[in-house]
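Line order of the protein sequences matches chains A and B. In the working numbering, each residue's number is its place in the first sequence (first place is 1) plus 420. In the working numbering, each residue's number is its place in the second sequence (first place is 1) plus 863.
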Amino acid sequence: MTSSLKLSNRARPLLGTIVEIGVHTSGWDVTHDIISTAFNKIEHIQSLMSRFDDESEVTKINRLKVGQELVVSSDLIRVLEISNDISTMSGGVFSISMESAPNTDVLELQTNGRVKRLQDGLIDLGGIAKGYAVDRAIDYLRSTQVESAYVNAGGDVRAFGVPHSILVRHPSRPNKSVASINLSDNALATSATYFGEVNADQSGRIVNPMTGRPVKSGLSVSVMASTCVVADALTKCMLMLEDRVDPILHEFNARGFLVHGDQVTSFPKIIDSSVSHAN
Amino acid sequence: MNDDWFKLIGVPLTTLVMAGQVCAAEYLTVEQAQKLMFGNEASFEQSDVKLNRAAKKAVEAASGVKVERRVIPTWKVFDGGKLSGYFIVDEVIGKHDYITYAIALTPSGEIKQLEILVYRENYGYEVRNPRWLAQFVGYDSQTSLDLGEEVKNISGATMSCRHLTEGVNRVLATYDLFLKT
């Protein structure tokens, strides 16, 4: 990687957060066309998977009555497949159902891109679709002449090319970092409930379906994996399963750490010698 | 495999601009954003919208958002002698500091593009929000943007996003009242 490469970065409000895309190239115009197209890839996923968009596929699924079917995009099928796998592996802790039912009780994936509703209840892909959108933007950027790039959707980061240094915020001291990670050709997702950022009575963005209660605040988990969709989903599993997340991390060749107060615990705790570094 | 993939490091985030993460960044200048949104051929005629007290109240009533600045930097954009849209620079407060962004509108007031110019957030690295934001592009002043009924556990980037949504609603109301022809 030569030092003559220039970083161009831009940011837009998307996916309910600020999405930043940065690329290394030599030409201004070319770069900006590329960045615009990468943002379009993210917008496209948002338009399919946002629960707040009346035209999205997720909204259409949410309108299905029990027994009804709908043909959906291959992107949505892919996200549902991955989330089904993780839902099963996590014993239902990870779920796209807002009623916390196991995924496969709510929707059935059929052939030819059809989904069938099995029971009532809204679905929300907020725990996984953001990572998927980041992956699609990265896929596109890799297909261009860009040699190095990153996409950061409010804490879901994926990069390739030159190593990108990421600092993770301390969950109880928000103006300090707690750890640094070098990303190159992989993804890091951080999920946290920061102190001092919520009212005590509404700390629960992430609800543990086992208890129906919000995950305690002041916790931060980060997961590194080869794709952002997996890293994104596994942060939720780790917040809720803690020690019991190890088999899932092994399955995806992922690893993570949890910060609570000044204590940092890395996972998986039991090292499987057959597992190599993710990418 | 061991724990060497991450390093424990406690540094103040206020002093760093970090690659791969939104912290404090200048993304585009006004000129770069203008070219990006309307192309190299377009010409820009600055005609700022200035709100007197009554106008400020009217925008606040129409958008439901408080107006902090009475002068809104606005450019009429022409391409081949024809009005091709409006370019407006606005600011909203993020979680702690101002975010400057640019909106490109079509002549009929639809959002063509939105780009963040400067993001001065100190507390940068952010958590996800399970609520999704309605897409900006294609909205006009008739469709009020809303983040969702109950936004919980708001982080810096998410808070910024919410304030951007409010800013966009305020800009669209300003267009409706003072730019629309």
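Beta carbons are placed, not taken as given, at the ideal position from N, Cα and C, and that holds for glycine. Keep in mind the model is a prediction, meaning the values are calculated, not measured.
DSSP beta-bridge partners of residue i
| i | result |
| --- | --- |
| A/Val-679 | A/Ser-640, A/Val-684 |
| A/Gln-488 | DSSP output for A/Gln-488 lists no bridge partner at all. |
| B/Phe-907 | B/Val-940 |
| B/Ile-935 | B/Val-912 |
| A/His-444 | A/Leu-427, A/Ser-568 |
| A/Ser-517 | A/Ile-543 |
| A/Ala-612 | A/Ser-640 |
| B/Leu-871 | A/Ala-599 |
| A/Arg-432 | A/Val-439 |
| A/Ala-607 | A/Arg-578, A/Ala-645 |
| A/Ala-573 | A/Val-439, A/Asp-576 |
Closest by C-alpha distance to residue i, when choosing among the options
| i | options | result |
| --- | --- | --- |
| B/Thr-969 | B/Tyr-1038, B/His-1026, B/Gly-927 | B/Tyr-1038 |
| A/Thr-445 | A/Leu-435, A/Ala-651, A/Lys-461, A/Ser-428 | A/Ser-428 |
| B/Glu-1029 | B/Ala-888, B/Asp-942, B/Leu-1040, B/Glu-931 | B/Glu-931 |
| B/Glu-973 | B/Gln-909, B/Leu-1035, B/Glu-894, B/Ala-896 | B/Leu-1035 |
| A/Leu-661 | A/Thr-437, A/Ile-465, A/Phe-472, A/Ser-507 | A/Ser-507 |
| A/Ile-465 | A/His-452, A/Glu-489, A/Val-499, A/Ile-668 | A/Val-499 |
| A/Ser-597 | B/Glu-908, B/Phe-869, B/Gly-873, B/Trp-868 | B/Gly-873 |
| A/Ser-604 | A/His-590, A/Val-582, A/Val-588, A/Ser-592 | A/Val-582 |
| A/Met-644 | A/Ser-600, A/Arg-664, A/Gly-638, A/Gly-681 | A/Ser-600 |
| A/Met-509 | A/His-680, A/Arg-675, A/Glu-671, A/Val-679 | A/Glu-671 |
| A/Val-577 | A/Pro-433, A/Leu-425, A/Gly-442, A/Lys-426 | A/Gly-442 |
| A/His-590 | A/Ala-557, A/Lys-461, A/Ser-642 | A/Ser-642 |
| A/Thr-655 | A/Thr-457, A/Leu-608, A/Ser-476, A/Gly-533 | A/Leu-608 |
| A/Arg-593 | A/Ile-462, A/Ile-455, A/Glu-463, A/Gly-681 | A/Gly-681 |
| A/His-584 | A/Val-566, A/Ser-563, A/Ala-573, A/Asn-606 | A/Asn-606 |
| B/Thr-1021 | A/Arg-556, A/Ala-557, A/Asp-559, A/Ser-611 | A/Ser-611 |
| A/Asn-460 | A/Lys-426, A/Ile-558, A/Asn-482 | A/Ile-558 |
Host beta strand (DSSP E) of residue i (start-end)
| i | result |
| --- | --- |
| A/Ser-563 | Here A/Ser-563 belongs to no beta strand (DSSP E), and DSSP marks it neither H nor E. |
| A/Arg-537 | 534-537 |
| A/Ile-601 | 597-603 |
| B/Ile-951 | 945-956 |
| B/Thr-963 | 961-968 |
| A/Asp-701 | For residue 701 of chain A there is no data in the structure shown, the boundaries of chain A being 421 and 699. |
| A/Val-702 | Absent from the structure is residue 702 of chain A, since the part of chain A shown begins at 421 and ends at 699. |
Delimiting residues of the alpha helix (DSSP H) encompassing residue i
| i | result |
| --- | --- |
| B/Glu-978 | Per DSSP, B/Glu-978 belongs to no alpha helix (DSSP H); it is in the beta strand (DSSP E), 974-982. |
| A/Ile-668 | 666-671 |
| B/Glu-894 | 893-901 |
| A/Ser-704 | Outside the displayed range of chain A (421 to 699) lies residue 704 of chain A, so it cannot be described from this structure. |
| A/Thr-655 | 648-661 |
| A/Lys-480 | 477-483 |
| A/Thr-531 | Neither: A/Thr-531 is in no alpha helix (DSSP H) and is coded neither H nor E. |
Residue i: contacting residues in chain D (beta-carbon distance under 7 angstroms)
| i | result |
| --- | --- |
| B/Leu-891 | No chain D is present in this structure, whose protein chains are A and B. |
heavy atom of the ligand GDP below 7 angstroms from residue i C-beta
| i | result |
| --- | --- |
| B/Glu-894 | You won't find the ligand GDP in this model; it holds no ligand whatsoever. |
Requested in this report: Could you list the residues in the stretch 964-981 of chain B with a C-beta less than 7 angstroms from some C-beta on chain A, going in chain order?
Outcome: Listed by position, the residues of the stretch 964-981 of chain B near chain A (Cβ gap below 7 angstroms) are Leu-977, Glu-978, Ile-979.
**Report entry** Residues in the stretch 423-444 of chain A having any Cβ partner in chain B nearer than 8 angstroms
**Finding:** Leu-427, Asn-429, Arg-430, Ala-431, Arg-432, Pro-433, Leu-434, Leu-435, Gly-436, Thr-437, Ile-438, Glu-440, Gly-442
Requested in this report: May I ask you to list, following chain order, the residues of the stretch 597-610 of chain A that have a beta carbon less than 7 angstroms from some beta carbon of chain B?
Outcome: Ser-597, Val-598, Ala-599, Ser-600, Ile-601, Leu-603, Thr-610
Report task. Check distances from the C-beta atoms of the stretch 491-519 of chain A to those of chain B and list, in chain order, the residues that come in under 7 angstroms. Result -> none
Requested in this report: Compile a chain-ordered list of the residues in the stretch 564-582 of chain A whose CB is closer than 7 angstroms to at least one CB of chain B.
Outcome: Tyr-570, Asn-572, Gly-574, Gly-575, Asp-576, Val-577, Ala-579
Query raised in the report: Taking a cut of 8 angstroms between CB atoms, which residues from the stretch 674-686 of chain A lie near chain B?
Result: For the stretch 674-686 of chain A, which is checked against every Cβ of chain B, the residues closer than 8 angstroms are Arg-675, Phe-677, Val-684, Ser-686.
Query raised in the report: In chain order, what residues of the stretch 894-911 of chain B put their CB closer than 7 angstroms to some CB of chain A?
Result: Leu-899
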